[in-house]
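J.: Before anything else, here's the structure in question.
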Amino acid sequence: MFLINCPFCGEREQSEFKAGGEAHIVRPKQPTELSDDQWAEYLFMRKNIKGIQFERWNHIHGCRKWFNMVRDTSNDEIKAVYKMGEKPPVK
Amino acid sequence: MLNYSNVIQNDKSYPGLQMREIKPVMKLIIRGKKRQFLSAVGKSLNLLLPNEANTSSRSDQLTALWLSPDEWMIFSNEILKTDDNNYNVEKLLNRNICKTNLGAVTDVTDQFVLINLKGDKIFDLFETGSPFNFNDFKSKKGLVTQTILTKIDIIVHNQDINDVNLFVRRSFSDHLFSWMNDSASRL
Chain A
1 MFLINCPFCG EREQSEFKAG GEAHIVRPKQ PTELSDDQWA EYLFMRKNIK GIQFERWNHI
61 HGCRKWFNMV RDTSNDEIKA VYKMGEKPPV K
Chain B
92 MLNYSNVIQN DKSYPGLQMR EIKPVMKLII RGKKRQFLSA VGKSLNLLLP NEANTSSRSD
152 QLTALWLSPD EWMIFSNEIL KTDDNNYNVE KLLNRNICKT NLGAVTDVTD QFVLINLKGD
212 KIFDLFETGS PFNFNDFKSK KGLVTQTILT KIDIIVHNQD INDVNLFVRR SFSDHLFSWM
272 NDSASRL
């Protein structure tokens, strides 16, 4: 359990949120030109690293807005929270 | 209001806590992002929508609750005289908001049940089943929050000190109300 600072509502408890997987995955511009392997890579393959990870989260029991989060998966420390469409404030 | 059976049959009273359903009350959800949307709603209803997160605004007849940056709930302050689903406010907003493509209006009168709680034990009750930190919330009149109570989505409006409105979806209201009664009896 940890606290998440929703960019719209403020600090709330984790149980109000839902994790939405890895952030900043860009859809290929020409999907028809991809091989099945490349398309499967885009659709299904996600990073599951120990360390800094960029993720999408949804405040599902609050404002129901999506936002991005930079989280250290090894200790659940939240490095930054930022709105959709914004650039990550940390690298 | 449509002819739904009343899920909450009786008002309940405990030391420091009274709970009752208030109906019929008109409830609308309005959504929009443009600046013209905010001014059109303001002019139509003579009510400024709250821009600041987790706040509300109030006129003589209506209260607007902030739900998200582009979503508000509007409900009537007084109990309606007629028990039907024809609301002048909704018609007015449909004409000025929907037909001008500024935003959307949804009638949620029958979707949400409004439970009014009074007394100094309201937040003691909430703290038994909600992860939200009510410490600052309870002392500031007009604050709004959406959170979960015993895993059920609720909207809490701190109408006045020791006077709180709670909105819950109709299908969950029976279970929530019985849980609240059970929890209140143990405070």
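Taken in sequence, the protein lines are chains A and B.
If you use this note's numbering, the first sequence corresponds to residues 1 to 91, in order.
If you use this note's numbering, the second sequence corresponds to residues 92 to 278, in order.
All residues carry an ideal CB built from backbone N, CA and C; glycine is no exception.
Pairing CB atoms from the region 52-66 of chain A with CB atoms from the region 32-41 of chain A, are three or more of them under 8 Å?
T.: No, the region 52-66 of chain A does not touch the region 32-41 of chain A.
J.: Beta-carbon within less than 6 Å of lysine 103 of chain B's beta-carbon, same chain only, minus the 5 sequence neighbours each way: which residues are those?
T.: Start at 1 with the first residue of the second sequence, and residue 103 of chain B comes out as number 12. These residues qualify, in order along the chain: Met110 and Asn272.
J.: 8 Å is my cut-off, CB to CB: does histidine 61 of chain A come that close to chain B?
T.: Numbered from 1 along the first sequence, position 61 holds the residue referred to as residue 61 of chain A. Interface residue, yes.
J.: Compare the C-beta of threonine 238 of chain B with all C-beta atoms of chain A and state if any pair is closer than 8 Å.
T.: For the purposes of this step, residue 238 of chain B is identified with residue 147 of the second sequence, where counting begins at 1. Yes, contact with chain A.
J.: Looking at chain B, is there any beta carbon in it that lies within less than 8 Å of the beta carbon of glutamate 86 of chain A?
T.: Stepping through the first sequence from its first residue, residue 86 of chain A is reached at position 86. No, no contact with chain B.
J.: Just checking my contact of serine 148 of chain B with leucine 138 of chain B at CB under 8 Å: how many whole Å lie between their CB atoms?
T.: By 1-based counting over the second sequence, the position of residue 148 of chain B is 57. By 1-based counting over the second sequence, the position of residue 138 of chain B is 47. Right, the Cβ-Cβ distance comes to about 6 Å (below 8 Å), so this counts as a contact.
J.: Is the Cβ of lysine 18 of chain A closer than 8 Å to any Cβ of chain B?
T.: By 1-based counting over the first sequence, the position of residue 18 of chain A is 18. Not closer than 8 Å to any Cβ of chain B, the Cβ of lysine 18 of chain A fails to qualify, so no.
J.: Closest by CA to leucine 140 of chain B, which one among B:Lys124, B:Lys231, B:Lys125 and B:Trp157?
T.: Translated into the one-based positions of the second sequence, residue 140 of chain B becomes position 49. The shortest Cα separation from leucine 140 of chain B among B:Lys124, B:Lys231, B:Lys125 and B:Trp157 belongs to B:Trp157.
J.: By the three-class DSSP mapping on this structure, what secondary structure does asparagine 226 of chain B have?
T.: If you number the second sequence from 1, residue 226 of chain B lands on position 135. Of the three classes helix, strand and coil, the one that applies to asparagine 226 of chain B here is coil, per DSSP.
J.: Does DSSP put valine 199 of chain B in a helix, a strand or coil?
T.: As a position in the second sequence, residue 199 of chain B is number 108, starting the count at 1. Here valine 199 of chain B sits in coil by DSSP.
J.: Let me see if you follow: with CB-CB separation under 8 Å, is aspartate 198 of chain B close to chain A or not?
T.: The residue given as residue 198 of chain B occupies position 107 in the second sequence. For aspartate 198 of chain B, the answer is no, since every Cβ of chain A falls outside 8 Å of its Cβ.
J.: Check whether the Cβ atoms of lysine 118 of chain B and valine 180 of chain B sit closer than 8 Å, and answer yes or no.
T.: Taking the second sequence and counting its residues from 1, the one referred to as residue 118 of chain B is at position 27. Taking the second sequence and counting its residues from 1, the one referred to as residue 180 of chain B is at position 89. Not closer than 8 Å, so no.
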